[in-house]
Amino acid sequence: MEENERVAQISRERSSLRNENNSGRPDDEEVRQCWVCFATEEDDPNTDWVQPCSCRGTTKWVHQTCIQRWVDEKQKGNSTGKVSCPQCNTEYLILFPKMGSLVMILDAANNLIYRVCPFVAAAVVVGSVYWSAVTFGAVTVMQVMGFKEGMDIMEQADPFVLLIALPSVPVLLILGKMVRWEDGVLQFLRRNTKKIPILRQILPSFYSPEEENETAVARGINIDQPPLSDPVSATRVLCSALVLPTAATIMGNLFFESVNSNLGRTLLGGIAFIAIKGALKIYHKQQLFTRLTQRHILDYTEDNAALIRIARGSTGQ
Ligand SMILES: [Zn+2]
Ligand SMILES: [Zn+2]
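Start counting the sequence shown at 12; every next residue gets the next number (my numbering).
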């Protein structure tokens, strides 16, 4: 940002100087002025001057020290980086002193390391995530199938299949978690509770009068979950996806003890867990919706203030 402003400033300065130039004397008679520090030849007669690009006019001149500073700034520590004139885009001709071959080799090695390291680091991260996923998959298989059965299955399976199947366990759990079926059910209940009398009987809290819905629309009330790009929401999806197998095992052991197969018990436990959690979530969302739509802001009177104090005290807010 700052850099762009600086370039723009330089362009302005240069074009204004060039205009003066057009209406005035020829180039060679001009007093040299450095486009970096704006000092002229008269200000400091003993410095080195250079015309590093194909810009014309007085501003083709710049101090050697000033252009060096400019180049340093552009290169950002990469001393062999290319730098061009911000105005005419001519690449500056930078001549380095001759160095020994050891320096050349070290330079090349340095550049190589600089380029390769990001890829190595990325590979390490991806590899760690992959192996964590494999481990998680294996633990989940043993948890769901039972330790012995799980081990047997994994020992008999083709290792290459395992290397793909095991890490897909957490991936599938996360993808499954991203399906927000509760929202669909909630929408359905909100739309249809009025129309179907039996639903109105069972679920009175989903029956909201017409004006309540209108209030919601008018106030733009939206109590949907935050989008997945929200970091809190993303970590929540991750955690609840990874916890699901454990929760399923616990629920299975609690409520489906009579089922003999480990897998069957855990599946039933999982379905029960998802259903109960979903129902609670839908209920909570609907209650939040009701709380928002039925909210009122009161006149400020002593009585009302006392009323609010009492209400807050009783709900502990
Ligand atoms: Zn200068
Ligand atoms: Zn130039």
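In this text, a Cβ means the ideal position worked out from N, Cα and C, and glycines have one as well.
For residue i, which beta-bridge partners are listed by DSSP?
i, result
"Trp60", "His74"
"Ser272", "BP columns for Ser272 are empty, so no partner."
"Gln44", "Thr51"
"Glu313", "Note: Glu313 sits in no beta bridge, so no partner."
"Ser325", "Note: Ser325 sits in no beta bridge, so no partner."
"Glu102", "Ser95"
In whole angstroms, give me the CA-to-CA distance for residue i and residue j.
i, j, result
"Met283", "Ala259", "For clarity, residue 283 is Ala in the given sequence; the question names Met instead. If I take the Cα positions, the gap works out to 8 Å."
"Gly263", "Pro129", "45 Å"
"Met115", "Asn122", "11 Å"
"Leu104", "Tyr141", "47 Å"
"Asn33", "Pro56", "Any reading at Asn33 must be qualified, since the residue scores a pLDDT of 43, below 50, and its modelled position is unreliable; the value itself is stated next. Distance between the alpha carbons of Asn33 and Pro56 is about 25 Å."
"Ile293", "Glu193", "6 Å"
"Asp163", "Ala132", "36 Å"
"Cys45", "Cys96", "14 Å"
"Asn203", "Gln298", "17 Å"
"Ser27", "Lys109", "The predicted position of Ser27 is uncertain, since its pLDDT is 48 and thus under 50; a value taken from the coordinates is nonetheless stated next. Going by the C-alpha atoms only, they are around 40 Å apart."
"Lys85", "Ile78", "10 Å"
"Leu214", "Lys205", "10 Å"
"Arg247", "Gly138", "23 Å"
"Leu113", "Ala119", "10 Å"
"Trp60", "Arg43", "9 Å"
"Asn89", "Tyr125", "10 Å"
"Asn30", "Thr70", "At Asn30 the pLDDT is 45, less than 50, meaning the model places this residue with poor confidence; the figure from the coordinates comes in the next sentence. Their backbone Cα atoms lie some 11 Å apart in a straight line."
"Ile321", "Gln305", "19 Å"
"Phe266", "Gly280", "7 Å"
"Asp169", "Gly161", "14 Å"
"Cys250", "Ile185", "9 Å"
"Gly92", "Cys99", "18 Å"
"Arg230", "Pro242", "27 Å"
"Asn315", "Gly289", "38 Å"
"Gly275", "Gln167", "21 Å"
"Thr51", "Thr58", "10 Å"
"Thr101", "Ser65", "7 Å"
"Leu303", "Val228", "12 Å"
"Leu291", "Ile308", "29 Å"
"Gly195", "Thr226", "21 Å"
"Ser269", "Ile261", "14 Å"
"Leu117", "Gly111", "10 Å"
Let me check understanding here. Comparing Cα to Cα, which of the options lies closest to residue i?
i, options, result
"Ala74", "Ala144, Glu84, Pro63 and Asp83", "A small fix is needed here, since residue 74 is His in this sequence, not Ala. Taking only the C-alpha atoms, the option nearest His74 is Pro63."
"Thr151", "Leu291, Pro256 and His307", "Pro256"
"Cys286", "Leu299, Lys188 and His307", "Before going on, a small fix: residue 286 reads as Ala here, not Cys. Checking every option, the nearest Cα to that of Ala286 belongs to Lys188."
"Gly182", "Leu200, Gly148, Val172 and Gln154", "It should be pointed out that residue 182 corresponds to Val in this sequence rather than to Gly. When only C-alpha atoms are compared, the closest one is Gly148."
"Val155", "Val254, Glu52, Ile213 and Gln167", "Val254"
"Pro178", "Thr312, Ser143 and Arg323", "Ser143"
"Val145", "Lys159, Arg201 and Phe171", "Phe171"
"Ala245", "Val190, Leu200, Lys159 and Trp72", "Val190"
"Phe300", "Arg201, Leu318 and Asp54", "Arg201"
"Val180", "Phe199, Ala252 and Val127", "Ala252"
"Trp72", "Asp310, Ala317 and Phe49", "Phe49"
For the putative contact between residue i and residue j, defined by C-beta atoms under 8 Å, what is the C-beta separation to the nearest angstrom?
i, j, result
"Val135", "Trp81", "That pair is no contact at about 38 Å."
"Gly157", "Asn271", "Not confirmed; about 11 Å, so no contact."
"Leu173", "Met165", "6 Å"
"Phe197", "Lys296", "A small fix is needed here, since residue 197 is Leu in this sequence, not Phe. Rounded, the Cβ-Cβ distance is 6 Å, consistent with contact."
Exercise for the section: Could I get the ranges of all uninterrupted beta strand (DSSP E) runs contained in the region 125-201, with 3 residues as the minimum, in chain order? Expected result: none
Exercise for the section: With ligand 3 as the reference, list in chain order each residue whose Cβ lies under 5 Å from any of its heavy atoms. Expected result: Ligand 3 is not among the ligands present in this structure, which contains only ligand 1 and ligand 2.
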